[in-house]
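For the protein sequence lines, the chains are S and U, in the order given. The opening position of the first sequence corresponds to residue 23 in our numbering, with each subsequent residue numbered one higher. The opening position of the second sequence corresponds to residue 16 in our numbering, with each subsequent residue numbered one higher. For glycine and all other residues, C-beta sits at the position ideal for the given N, C-alpha and C. The structure displayed is predicted, hence computed values, not measured ones. To keep things clear, I will list the structure first and then write my remarks on it.
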Amino acid sequence: MSKIQLDIVTPEKVVYSEQVEMVITRAANGDVGILPKHAPFVSPLKGDTVRIKKDGSEEVISVSGGFIEVRPDKVTILAKSAGV
Amino acid sequence: MGQSMRDIKRSIKAKEDIRKTTKALKLVSAAKLRRAQEQAQAARPYAEKLRDVIINIAQSTTNANHPMLVSRPIKKTGYLIITSDRGQAGGYNSNLLRMLVSALSKRHQSKDEYVIFVIGRKGRDFLRKRNYPVINEVTGLSDSPTFADVKEIAEQAVRFYAEEKFDELYLLYNEFVNPVVQRPTEKRLLPLAGDDLAGSSQTGKTVYEYEPSQEEVLSTLLPSYAEALIYSALLDGKASEHAARMNAMSNATDNATEMIESLKLQFNRARQAAITQEIAEIVGGAAALE
Numbered sequence: 023m024s025k026i027q028l029d030i031v032t033p034e035k036v037v038y039s040e041q042v043e044m045v046i047t048r049a050a051n052g053d054v055g056i057l058p059k060h061a062p063f064v065s066p067l068k069g070d071t072v073r074i075k076k077d078g079s080e081e082v083i084s085v086s087g088g089f090i091e092v093r094p095d096k097v098t099i100l101a102k103s104a105g106v
Numbered sequence: 016m017g018q019s020m021r022d023i024k025r026s027i028k029a030k031e032d033i034r035k036t037t038k039a040l041k042l043v044s045a046a047k048l049r050r051a052q053e054q055a056q057a058a059r060p061y062a063e064k065l066r067d068v069i070i071n072i073a074q075s076t077t078n079a080n081h082p083m084l085v086s087r088p089i090k091k092t093g094y095l096i097i098t099s100d101r102g103q104a105g106g107y108n109s110n111l112l113r114m115l116v117s118a119l120s121k122r123h124q125s126k127d128e129y130v131i132f133v134i135g136r137k138g139r140d141f142l143r144k145r146n147y148p149v150i151n152e153v154t155g156l157s158d159s160p161t162f163a164d165v166k167e168i169a170e171q172a173v174r175f176y177a178e179e180k181f182d183e184l185y186l187l188y189n190e191f192v193n194p195v196v197q198r199p200t201e202k203r204l205l206p207l208a209g210d211d212l213a214g215s216s217q218t219g220k221t222v223y224e225y226e227p228s229q230e231e232v233l234s235t236l237l238p239s240y241a242e243a244l245i246y247s248a249l250l251d252g253k254a255s256e257h258a259a260r261m262n263a264m265s266n267a268t269d270n271a272t273e274m275i276e277s278l279k280l281q282f283n284r285a286r287q288a289a290i291t292q293e294i295a296e297i298v299g300g301a302a303a304l305e
């Protein structure tokens, strides 16, 4: 399965930077699941969690006050704070 | 020799104690400087990324007249000044405060024309004592401040601009050039300057889909960007503070060393004089007996 680069960045540092299979979170108009080669997309985050699917397992990262930027090969989440 | 040997000895001891303290402070500052620099480095991707996306939007949209991007007639001005909590950092605070005071007296006729946000005890005490209109303050920041520490004051400053409580916002801090040079800097933060966002984005043009709309995305991004700039100025200021303190303490150590040298010379002269006098007395005494 192809992968996509996910970076989660806060004002202090880069919290998370890995190749993942899928990113699931809540954007302004509803939940989105992002797979590799997704169309470019920008939205503020409505929810406060980001679910990450990687190597068959799932990880959850809490974020606050962020937005998501998607490019075909890369997802960047900018949040005011984030933690595993 | 005006001073007795005992006095000189005591003076040397005192200076050696001072030198020990300043030397220790210098080493501590050097370590803290390294950490502050690392932190400033780590904070860079966030602001850069935000800037990138904002540029992308600003360039692709035809009506980029979000209030944070457009200048309006200036009736009132906000200042945010970043100073340190502790002294012993050479001219770190005084240079910056002097710059603020001269800017204020040049630009404004009365104290109703501006408000000041202040970070750091030194700046607060200075401005409070002189009855400047300080409307919010943050003191007691750690040496590695987190975003949460300044979130409140940064959000307030940006919000006051959005609510038109003032029409421009200046940021004053010590820019970290290198460990020896720190430059007091004044930067107009809001409205976001054209040239700051004029450069093309690093990643080239991407046509994004915006959810819910371009304008709304922009209006959540711009305040975040302004806050991120404030935070990175704070980190820059912290690095400058440690660098300034390191230099001040290094100079103090050098000066103490110099004084100790000259006092030691004085001490040896006094000792030699005492010995010479004793010998002369003995010789004189022996001669008298013959």
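Chain S contact residues for residue i, given Cβ-Cβ distances below 7 Å
| i | result |
| --- | --- |
| PRO60 of chain U | VAL31 and VAL36 |
| LEU65 of chain U | LEU100 |
| LEU223 of chain U | The sequence given here places Tyr at residue 223 of chain U; Leu does not occur at that position. In chain order: PRO62, PHE63 and VAL64. |
Limits of the unbroken beta strand (DSSP E) element including residue i
| i | result |
| --- | --- |
| ILE99 of chain S | 96-100 |
| PRO238 of chain U | Premise fails: PRO238 of chain U lies in the alpha helix (DSSP H), 229-304, not in any beta strand (DSSP E). |
| LEU84 of chain U | Run containing LEU84 of chain U: none; DSSP gives neither H nor E here. |
| ASP53 of chain S | 52-56 |
| ALA104 of chain S | 103-105 |
| THR47 of chain S | 44-49 |
| GLU91 of chain S | 89-93 |
| VAL85 of chain S | 79-86 |
DSSP-derived helix/strand/coil call for residue i
| i | result |
| --- | --- |
| TYR147 of chain U | coil |
| ARG34 of chain U | helix |
| PRO60 of chain U | helix |
| MET16 of chain U | Legend: pLDDT at MET16 of chain U = 47, less than 50; position of this residue unreliable, value from coordinates given subsequently. Correct three-state label for MET16 of chain U: coil. |
| LEU67 of chain S | strand |
| LEU28 of chain S | strand |
| ARG101 of chain U | coil |
| GLU53 of chain U | helix |
| GLU128 of chain U | helix |
| VAL68 of chain U | helix |
| LYS75 of chain S | strand |
| ASP22 of chain U | helix |
Test item: CB-CB of residue i and residue j under 7 Å
| i | j | result |
| --- | --- | --- |
| LYS30 of chain U | ILE290 of chain U | no |
| ILE83 of chain S | VAL106 of chain S | yes |
| VAL92 of chain S | ALA104 of chain S | no |
| ALA243 of chain U | PRO33 of chain S | yes |
| GLY135 of chain U | THR98 of chain U | yes |
| LEU184 of chain U | ILE69 of chain U | no |
| ILE26 of chain S | PRO58 of chain S | yes |
| VAL130 of chain U | GLU152 of chain U | no |
| GLN281 of chain U | ILE33 of chain U | no |
| LEU95 of chain U | ALA172 of chain U | yes |
Residue i, enclosing alpha helix (DSSP H) - first and last residue
| i | result |
| --- | --- |
| LEU207 of chain U | Careful: LEU207 of chain U lies outside any alpha helix (DSSP H) and carries neither H nor E. |
| LEU111 of chain U | 107-122 |
| ASP164 of chain U | 162-177 |
According to DSSP, residues forming a beta bridge with residue i
| i | result |
| --- | --- |
| LEU40 of chain U | Per DSSP, none; premise fails for LEU40 of chain U. |
| LEU184 of chain U | U:GLY93 and U:LEU205 |
| ARG322 of chain U | This structure leaves residue 322 of chain U out entirely; chain U is present only between 16 and 305. |
| SER157 of chain U | None; SER157 of chain U has no bridge partner. |
Partner residues on chain U for residue i, Cβ-Cβ distance less than 7 Å
| i | result |
| --- | --- |
| ALA50 of chain S | GLU226 and PRO227 |
Chain-ordered chain S contacts of residue i [CB-CB under 9 Å]
| i | result |
| --- | --- |
| TYR188 of chain U | Going along chain S, no residue has its Cβ under 9 Å from TYR188 of chain U, so there is no contact; the nearest lies around 16 Å. |
| VAL232 of chain U | ALA50, VAL64, SER65, PRO66 and PHE89 |
Amino acids of chain U, ordered along the chain, whose beta-carbon sits closer than 8 Å to that of residue i
| i | result |
| --- | --- |
| SER103 of chain S | PHE162 and ALA163 |
Per-residue contacts from residue i into chain S (C-beta, under 8 Å)
| i | result |
| --- | --- |
| ALA57 of chain U | GLU34, LYS35 and VAL36 |
| THR235 of chain U | PRO66 and PHE89 |
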